[in-house]
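For reference, the structure is listed below as structure tokens.
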Amino acid sequence: MAFAANFSSSSLKGRLNERETRLLNRDWRLWARAGKQLPPDAGGWRNWLILGGRGAGKTRAGAEWVRAMALGLWPELGPRCERIAILAPTFDEARLVMIEGKSGLLGVHMDDERPVYEPSKRLLTWPNGSIAQVFSADEPESLRGPQFDAAWCDEMAKWKYADAAYDMLAFALRLGETPRVVITTTPRPTPLVKRLLADAGTAVTHSRTADNRAHLAKGFLDDVVARYGGTRLGRQELDGELIEDDPDALFQRELIEKTRCREVPDWVRVVVAVDPPASHGKRANACGIICAGLG
Numbered sequence: 003m004a005f006a007a008n009f010s011s012s013s014l015k016g017r018l019n020e021r022e023t024r025l026l027n028r029d030w031r032l033w034a035r036a037g038k039q040l041p042p043d044a045g046g047w048r049n050w051l052i053l054g055g056r057g058a059g060k061t062r063a064g065a066e067w068v069r070a071m072a073l074g075l076w077p078e079l080g081p082r083c084e085r086i087a088i089l090a091p092t093f094d095e096a097r098l099v100m101i102e103g104k105s106g107l108l109g110v111h112m113d114d115e116r117p118v119y120e121p122s123k124r125l126l127t128w129p130n131g132s133i134a135q136v137f138s139a140d141e142p143e144s145l146r147g148p149q150f151d152a153a154w155c156d157e158m159a160k161w162k163y164a165d166a167a168y169d170m171l172a173f174a175l176r177l178g179e180t181p182r183v184v185i186t187t188t189p190r191p192t193p194l195v196k197r198l199l200a201d202a203g204t205a206v207t208h209s210r211t212a213d214n215r216a217h218l219a220k221g222f223l224d225d226v227v228a229r230y231g232g233t234r235l236g237r238q239e240l241d242g243e244l245i246e247d248d249p250d251a252l253f254q255r256e257l258i259e260k261t262r263c264r265e266v267p268d269w270v271r272v273v274v275a276v277d278p279p280a281s282h283g284k285r286a287n288a289c290g291i292i293c294a295g296l297g
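What the sequence shown shows, in the working numbering, is residues 3 to 297, in sequence order.
Okay, here's the thing in structure tokens:
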């Protein structure tokens, strides 16, 4: 993937007309952070997993990739994609973040290339005929039937039915020369994220919130780093690290995932145990509650 490192348009000031300037400003390969927001140079990947902190530019990277695929801007990754899947935790999040958000699909296109969004149909249509269908990971079965040559998945680490949704998507990626998926997510050690990391067909890039400092509100980064820097939460949400379970935790994620069920049986016995804090207020310990059932 060719790009200009540390590119500055000031050297071209006065040498370009208005349209050329607009095109230059919209060439994501010139402005994206190398090794973090552009597809890997090796084209053999099927999944591009973009792990990043909050505000690190994950959504922009995903939206720009979809734009490039729908318009055929990056021929090194193959011809333009005609049918693209947009998969979010919920339909609301797809619309508010991936499509209408400041860094979403509608925002990264120029006027003459911007797709038409039809919320009632959950459909985006580009002037060249490419389309993108919007899906919720809460409804894995809705991916039965449609077929695609590309997909963008957002915040996979918080999908409710992650494995089922991704599996149904995998069966739908059967068009084009090399169907590819881009996944933008804040990392959490869910079984699906770990499964993708172990897949030889997955390319991984990492971004920290601090990498995108120039595009964040003044004082935001200093504030959150002061509060969360160095903590487990900060390493995950700011540094984009995949934090495994605390070895001293009573309940490990592996156990929780193994015992997760979609249908609750008839209970023979239910026990609710409460470990209340000895004090109250902002400095009080958390209240521990466990609900256990025997079915």
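Ideal Cβ positions, reconstructed from N, Cα and C, are used throughout, including at glycine.
For residue 119, the residue or residues it bridges with in DSSP: Within the sequence shown, residue 119 is the residue found at index 117, counting from 1. Secondary-structure assignment with DSSP links residue 119 through a beta bridge to 126.
For the alpha helix (DSSP H) that contains residue 198, what are its first and last residues? On the sequence shown, residue 198 is found 196 positions in, with the first residue counted as 1. That run of the alpha helix (DSSP H) goes 193 to 199.
What distance in whole Å lies between the Cβ atoms of residue 56 and residue 211, which are believed to be in contact at a cut-off of 8 angstroms? For the purposes of this step, residue 211 is identified with residue 209 of the sequence shown, where counting begins at 1. For the purposes of this step, residue 56 is identified with residue 54 of the sequence shown, where counting begins at 1. Correct: roughly 6 angstroms between the Cβ atoms.
CB contact flag (residue 86, residue 137, <8 angstroms): What you label residue 86 is simply residue 84 of the sequence shown in a count that begins at 1. What you label residue 137 is simply residue 135 of the sequence shown in a count that begins at 1. No. Outside cutoff.
Looking at residue 72: is its Cβ nearer than 8 angstroms to the Cβ of residue 134? The sequence position of residue 72 within the sequence shown is 70, counting from 1. The sequence position of residue 134 within the sequence shown is 132, counting from 1. Going by C-beta atoms, residue 72 is nearer than 8 angstroms to residue 134.
What three-state label does DSSP hand residue 105 in the structure shown? Counted from its first residue, the sequence shown places residue 105 at position 103. In the structure shown, residue 105 falls within a coil segment according to DSSP collapsed to helix, strand and coil.
Buried or exposed: residue 82, going by 16 or more other Cβ atoms within 10 Å of its Cβ? Numbered from 1 along the sequence shown, position 80 holds the residue referred to as residue 82. Counting C-beta atoms within 10 angstroms of its own C-beta, residue 82 has 16 or more neighbours from the protein chains shown and is therefore classed as buried.
If you reduce the DSSP assignment to three classes, tell me which class residue 138 lands in. The residue you call residue 138 lines up with position 136 of the sequence shown. Three-state result, residue 138: strand.
How should residue 156 be labelled, buried or exposed, when 16 other C-beta atoms within 10 angstroms of its C-beta is the threshold for buried? Here the question's residue 156 lines up with position 154 in the sequence shown. Residue 156 is buried by the Cβ-count criterion.
Opposite residue 62 in the DSSP bridges: which residues? Counted from its first residue, the sequence shown places residue 62 at position 60. In the DSSP output, where bridge partners are listed per residue, residue 62 has none listed.
Local conformation of residue 167 per DSSP, three classes: On the sequence shown, residue 167 is found 165 positions in, with the first residue counted as 1. If DSSP states are grouped into helix, strand and coil, residue 167 belongs with the helices.
Got a sec: is the Cβ-Cβ distance from residue 72 to anything in chain C below 8 angstroms? The structure shown has no chain C; it contains just one protein chain.
If you follow the beta strand (DSSP E) that residue 206 is part of, which residue opens it and which one closes it? Translated into the one-based positions of the sequence shown, residue 206 becomes position 204. For residue 206, the enclosing beta strand (DSSP E) starts and ends at 204 to 209.
Using 10 angstroms around the beta-carbon of residue 70, count the other beta-carbons present and answer buried if the total reaches 16, otherwise exposed. Your numbering for residue 70 matches position 68 in the sequence shown. Burial of residue 70 is indicated by the presence of at least 16 other C-beta atoms within 10 angstroms of its C-beta.
Measure the CB-CB distance between residue 198 and residue 51 and report whether it falls below 8 angstroms. In the sequence shown, the residue the question calls residue 198 occupies position 196. In the sequence shown, the residue the question calls residue 51 occupies position 49. Yes, these two residues count as a Cβ contact at 8 angstroms.
How long is the line joining the alpha carbons of residue 196 and residue 234, rounded to whole angstroms? Your numbering for residue 196 matches position 194 in the sequence shown. Your numbering for residue 234 matches position 232 in the sequence shown. Going from the Cα of residue 196 to the Cα of residue 234 covers about 18 angstroms.
Residue of 291, 130 and 62 minimising C-alpha distance to residue 275: If you number the sequence shown from 1, residue 275 lands on position 273. Measuring from the Cα of residue 275, the nearest candidate turns out to be 291.
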